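First comes the structure, then the notes that go with it.
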Amino acid sequence: MSFSENDRPKFIIDENVGKLTKLLRLLGYDTTFFIGENDTQLVNIALDENRTILTRDTHIQERRLVTGGRVRTILVKSDNIEEQIQQVTAEMDLLNCIKPFTLCLEDGQPLIQRTKEEVQDRVPPYVWQTQQEYVECLQCRRIYWKGTHWKAMTSRLESLIVGKRGDIK
Ligand SMILES: [Zn+2]
């Protein structure tokens, strides 16, 4: 199974499972970290933006919009980030349609391709000399390349989902 662009799942992350935010963005899933005040806001954003709520809070499961089926939630069972990402990717069948290097890890906005020449003055010289592929976030202007932190995160993800999918670089 794979998703069309329109039914590709989107998420809103409760603060009690905040570490899932960057991992889901790394997999290319549109993910918002909830910074509002209360559960009502959380559920309303999920409804308005068609996002699945990820939380450890059982009370959210009892909200009317959730029990009525208008908002989907996943009740995350574990405190452990590795078990969390395994549960979410399995329940939502996410590993069949990952898109690494498409979303900014910090704010979730789309990344666009940059040529090596375009980033010459904006990345450290040793990076420019050794890296060929770059992407930029138009929101925060971060430039990513396929070294250092991306490698660290992708290899961590690989270890989490080993046996389910091969190389995700
Ligand atoms: Zn950004």
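In my numbering, the protein residues as written are 40 to 208.
Every residue, glycine too, gets a C-beta built ideally from N, C-alpha and C.
No experiment lies behind these values; they were computed from the predicted model shown.
CA-CA distance, residue i and residue j?
i, j, result
"residue 69", "residue 168", "32 angstroms"
"residue 111", "residue 98", "14 angstroms"
"residue 195", "residue 147", "19 angstroms"
"residue 66", "residue 192", "10 angstroms"
"residue 73", "residue 81", "7 angstroms"
"residue 96", "residue 135", "28 angstroms"
"residue 159", "residue 180", "14 angstroms"
"residue 114", "residue 100", "8 angstroms"
"residue 77", "residue 156", "46 angstroms"
"residue 172", "residue 131", "30 angstroms"
"residue 149", "residue 177", "8 angstroms"
"residue 105", "residue 46", "19 angstroms"
"residue 165", "residue 117", "40 angstroms"
How about residue i and residue j: do their beta carbons lie closer than 8 angstroms?
i, j, result
"residue 64", "residue 133", "no"
"residue 151", "residue 127", "no"
"residue 58", "residue 144", "no"
"residue 109", "residue 86", "yes"
"residue 49", "residue 89", "yes"
If you drop the 5 nearest sequence neighbours on each side, which residues of the same chain put their C-beta closer than 7 angstroms to that of residue i?
i, result
"residue 199", "121, 124, 125"
"residue 161", "182"
For residue i, does the three-state DSSP call read helix, strand or coil?
i, result
"residue 174", "strand"
"residue 66", "coil"
"residue 161", "coil"
"residue 52", "strand"
"residue 84", "helix"
"residue 151", "strand"
"residue 141", "coil"
"residue 74", "coil"
Taking 8 angstroms as the limit between beta carbons, can you name the residues of its chain near residue i, skipping five residues before and five after?
i, result
"residue 84", "51, 71, 73, 75, 90"
For the pair the segment 46–60 and the segment 182–191, tell me if three or more CB-CB distances fall below 8 angstroms. no
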